[in-house]
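There are 2 protein chains.
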Amino acid sequence: MAVTLQDVAARAGVSKSAVSRTFTVGASVSARTRARVEEAAAALGYHPNVLASSLTTGRTKLVGLVSNNFSNPYFLEIFDRFTQALQSAGLRPLLVNLAHAGDAERSLDMLRQYSVDGVIVASSTLPPDFTAAFRQAGLPVVHAFGWSRNAPDTDLVSIDNVAAGHLAAETLLTRGYGRIGFLGGPEEASTTQDRLTGFRDRAGAAFAGARCTSAYAFAAGRDTMRALLHDGPVAEAWFCGDDVIAIGALSAIRDAGHRVPGDVGILGLNDMEMAGWENIALTTIRQPIAEIVADTVALIEASIAEGPRPPVTRMLPCTLVERATLREPS
Amino acid sequence: MAVTLQDVAARAGVSKSAVSRTFTVGASVSARTRARVEEAAAALGYHPNVLASSLTTGRTKLVGLVSNNFSNPYFLEIFDRFTQALQSAGLRPLLVNLAHAGDAERSLDMLRQYSVDGVIVASSTLPPDFTAAFRQAGLPVVHAFGWSRNAPDTDLVSIDNVAAGHLAAETLLTRGYGRIGFLGGPEEASTTQDRLTGFRDRAGAAFAGARCTSAYAFAAGRDTMRALLHDGPVAEAWFCGDDVIAIGALSAIRDAGHRVPGDVGILGLNDMEMAGWENIALTTIRQPIAEIVADTVALIEASIAEGPRPPVTRMLPCTLVERATLREPS
DNA sequence: GAAATGCGTGAAACCGGTTGCAACACGGCG
DNA sequence: CGCCGTGTTGCAACCGGTTTCACGCATTTC
């Protein structure tokens with residue numbers, strides 16, 4: 000079927016070893032042999048079988064890309080960048096969708112079966128021992144966009160969520176909103192907790208309360224805001240733990256006849272592409288997603304190349320993106 | 000490092016063959032041997048190495064999932080479903096992002112290197128000979144959500160885009176819009192051409208003209224609609240070849256002071272999740288994405304299991320989803 | 001009771017590569 | 001001329017599995 004090492008060796012009139020060495024960087028081959036092999040390989044259209052070589056080298060160049068956020072459009076941007084960055088690094092993303100409850104264990108087995116070189120976990124709401132399980136299996140793991148309290152010894156790349164909470168509270172207060180509240184994502188997400196902590200800290204007496212949604216989804220933001228408008232607590236401005244939630248909340252607020260940003264202010268988090276669309280124009284806190292992805296891939300590469308080392312935590316700063324859902328600073 | 004077949008064999012006191020057969024369905028093993036092997040495997044935590052077995056079986060259970068639509072949120076829904084469907088079928092998605100020009104060839108080599116069992120191409124704007132290249136390499140290929148004119152012999156699962164064009168024109172005319180136009184996606188996309196063909200056919204004398212955008216993106220829809228409002232052709236209603244484009248167009252129309260759906264009607268295509276958000280409420284034509292994905296995966300499974308067969312084309316019907324960007328039928 | 005049938009088993013070859021090792025060629029040196 | 005070091009090469013073992021094959025054994029059949 001496919002062209003093998005053997006075929007190339009036969010055609011070039013050399014041994015298998017010679018061919019193998021031609022395609023191994025840093026191996027000792029004479030210029031003459033290399034030329035012959037390369038010519039034969041080109042003529043036959045030979046491509047080394049990564050999987051076969053992985054048997055002896057122990058490297059598959061496969062990286063598990065694990066997530067359970069397949070409904071938040073923000074993650075498409077994340078996947079886009081991850082796949083591109085991995086491809087540039089010569090690594091291949093094996094995508095794992097943790098949609099259902101039982102998927103976690105099975106995925107772990109699966110990634111082991113394919114002997115992936117490393118795992119990137121992109122999510123803030125995974126079962127807490129999931130990341131740890133990889134780590135325990137001896138696989139390099141980097142957790143991006145969130146973290147597990149139960150896996151303090153894994154690499155982590157993320158924004159500083161407490162600082163994001165600070166920035167949010169300061170921003171809302173600066174704009175002259177009196178009572179300010181927090182409308183977070185799922186309660187169990189580490190990011191939600193951290194953002195709330197930072198926000199409440201800085202809001203002080205102006206803190207009007209917090210509510211969590213069931214998911215990072217428009218409907219969740221809309222319904223929770225509806226309930227909030229009906230039952231309270233009331234606030235003049237809300238910091239939402241995610242842009243999609245913020246957009247849902249916006250929709251509910253306008254439906255109820257309130258004006259944004261005059262009556263109510265809304266501040267999102269992420270700066271997903273849609274936040275910039277003119278008919279949404281969400282003021283939001285931007286995650287430096289390019290840097291997060293680049294750092295994550297760099298860490299995975301380093302772990303693969305250099306073996307185990309003490310875990311690294313990298314917290315990146317956020318910035319405010321001014322649009323139209325918050326009053327101008329007075 | 001990892002537990003191997005050999006380890007299990009030693010512990011169970013049997014040969015490698017016996018262990019291998021225990022994990023091969025339909026192989027001949029006595030109940031007693033099977034029990035012993037299973038116990039040993041469980042005790043050791045053994046999982047067969049798929050990659051090693053792929054050497055002899057020729058099956059990796061890896062499926063290339065190739066796309067270049069990583070900026071259209073609609074595709075996150077598609078990836079979500081594909082990954083879930085593949086996982087349920089015991090297959091693993093190796094994600095390939097064709098963002099850059101040179102990626103196509105390299106990806107082809109790459110997928111061969113990993114000896115994937117099959118390839119799913121999810122896009123309508125790929126270089127036309129890309130799909131054909133897979134086919135020529137002897138790999139099962141299914142093209143979903145579009146097709147290549149140069150690869151008439153590959154499996155195809157898609158909506159009937161000409162019929163979608165018919166439906167669009169009929170719908171707009173029924174709602175009493177006089178002059179109707181088409182605002183399509185990228186001109187080179189097969190889907191754009193087919194939708195236009197169907198639309199123009201049925202619009203007849205009411206056809207006001209067509210314009211293509213540079214990408215499936217909000218900004219493209221917005222900018223093209225701005226230009227259209229400025230330079231014409233003028234139309235009372237537009238059929239947009241994609242929801243994101245439609246949403247961009249909506250934004251431009253409202254910015255220009257026109258009312259939707261009174262002055263101008265907008266009809267999208269896809270029914271992505273955001274189209275249903277109350278603050279967007281886009282009337283659109285729904286692609287039966289669940290069926291497309293299910294059929295695609297079923298075809299890949301069949302191709303892998305049964306080998307080459309004549310190519311299959313499956314065209315699924317679309318339905319109209321009523322929301323708020325088109326007048327009610329009179 | 002002997003021969004035919006069948007299943008279950010292990011040894012060994014093989015899948016497509018990599019790599020340790022020993023053999024070898026070559027040039028430079030004393 | 002002999003010795004040595006360097007650089008190149010092929011052989012063979014190995015990675016972790018699968019599969020062919022022949023054989024042993026128990027069961028069935030005449």
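Those sequence lines, one after another, are chains B and S.
For the first sequence, counting from 1, position 89 maps to 88 in numbering that gives the first Met the number 0; every step adds exactly one.
For the second sequence, counting from 1, position 264 maps to 263 in numbering that gives the first Met the number 0; every step adds exactly one.
From the three backbone atoms N, C-alpha and C, an ideal C-beta is built for every residue, glycine too.
Since this is a predicted model, take the numbers as computed values, not measurements.
- Listed in chain order, the non-local C-beta contacts of residue 176 of chain S below 6 Å within the same chain comprise 235, 236 and 264, local neighbours out to five positions each way being set aside.
- Here residue 31 of chain B is exposed: its Cβ has fewer than 16 other Cβ atoms, across all protein chains shown, within 10 Å.
- Interface criterion not met: the Cβ of residue 146 of chain S is under 7 Å from no Cβ in chain B.
- Within its own chain, the residues whose Cβ lies closer than 7 Å to the Cβ of residue 197 of chain B, once the five positions on either side in sequence are excluded, are 160, 161, 162, 163, 164 and 165, listed in chain order.
- Across the stretch 89-114 of chain B, CB contacts with chain S closer than 9 Å involve 91, 92, 93, 94, 95, 96, 98, 99, 102, 105, 106, 108, 109, 111, 112, 113 and 114, in sequence order along the chain.
- Close to chain B, meaning a Cβ-Cβ distance shorter than 7 Å, are the following residues of the stretch 254-265 of chain S: 254.
- The beta carbon of residue 286 of chain S does not come within 7 Å of any beta carbon belonging to chain B, so the residue lies off that interface.
- For residue 142 of chain B, the enclosing beta strand (DSSP E) starts and ends at 140-143.
- In the DSSP annotation of this structure, residue 320 of chain B is not part of any alpha helix (DSSP H); the continuous beta strand (DSSP E) holding it starts and ends at 318-320.
- If you ignore the 5 residues before and after residue 126 of chain B, its C-beta comes within less than 6 Å of the C-beta of 103, all in its own chain and listed in chain order.
- In chain order, 112 and 113 make up the part of chain B whose C-beta sits under 8 Å from the C-beta of residue 49 of chain S.
- Counting only residues of its own chain and dropping the five nearest sequence neighbours on each side, residue 44 of chain S has a CB closer than 8 Å to the CB of 2.
- Between the alpha carbons of residue 112 of chain B and residue 57 of chain S lies a gap of roughly 16 Å.
- Of all alpha-carbon atoms in S:268, S:217 and S:109, the one lying nearest the alpha-carbon of residue 278 of chain B is that of S:217.
- Assignment of residue 157 of chain S by DSSP, reduced to helix, strand and coil, places it in the strand class.
- Close CB contacts of residue 311 of chain S within its chain, under the 6 Å cut and outside five residues either way in sequence, are with 154 (chain order).
- Taking 7 Å as the CB threshold, residue 268 of chain B stays off the interface with chain S.
- Around the beta-carbon of residue 224 of chain B, 16 or more other beta-carbon atoms lie within 10 Å, marking it buried.
- The CB of residue 316 of chain S never comes closer than 7 Å to any CB in chain B; the least such distance is about 26 Å.
- Contact annotation for residue 78 of chain S against chain B: 69, 75, 78, 94 and 96 [CB-CB distance below 9 Å, chain order].
- Residue 326 of chain B sits in coil when the DSSP states are folded into three classes, being neither helix nor strand.
- The contact set of residue 5 of chain S on chain B, defined by CB atoms closer than 8 Å, is empty, because the minimum CB distance reaches about 14 Å.
- Nearest neighbour of residue 143 of chain B by Cα position, chosen from B:323, B:327 and B:314, turns out to be B:314.
- By the rule that beta-carbons nearer than 7 Å mark a contact, residue 276 of chain B touches chain S.
- The residue from S:51, S:27 and S:26 with its alpha-carbon nearest to that of residue 4 of chain S is S:51.
- Look at residue 123 of chain S here: in three-state DSSP terms it is coil, with no helix or strand label.
- For residue 78 of chain B, the enclosing alpha helix (DSSP H) stretches over residues 73-87.
- Beta-bridge annotation (DSSP): residue 177 of chain S is not paired with any residue.
- The criterion of a C-beta distance shorter than 7 Å is not satisfied by residue 94 of chain B and residue 139 of chain S.
- Looking at the backbone, the Cα of residue 172 of chain S and that of residue 181 of chain S are separated by about 13 Å.
- Ranked by how close their Cα comes to the Cα of residue 78 of chain B, the residues B:40, B:121 and B:259 have B:121 in first place.
- Neighbours of residue 249 of chain B across chain S, judged by C-beta separation under 8 Å: 278.
- Unbroken beta strand (DSSP E) stretches of 3 residues or longer found wholly inside the stretch 238-308 of chain B: 264-269 and 283-285, given in chain order.
- For a Cβ distance threshold of 7 Å, residue set 50 of chain S lies close to residue 53 of chain B, ordered along the chain.
- DSSP places residue 198 of chain S inside the alpha helix (DSSP H), whose first and last residues are 189-202.
- Close to residue 82 of chain B, with beta-carbon spacing below 9 Å, are these residues of chain S in chain order: 69, 94, 95, 96 and 98.
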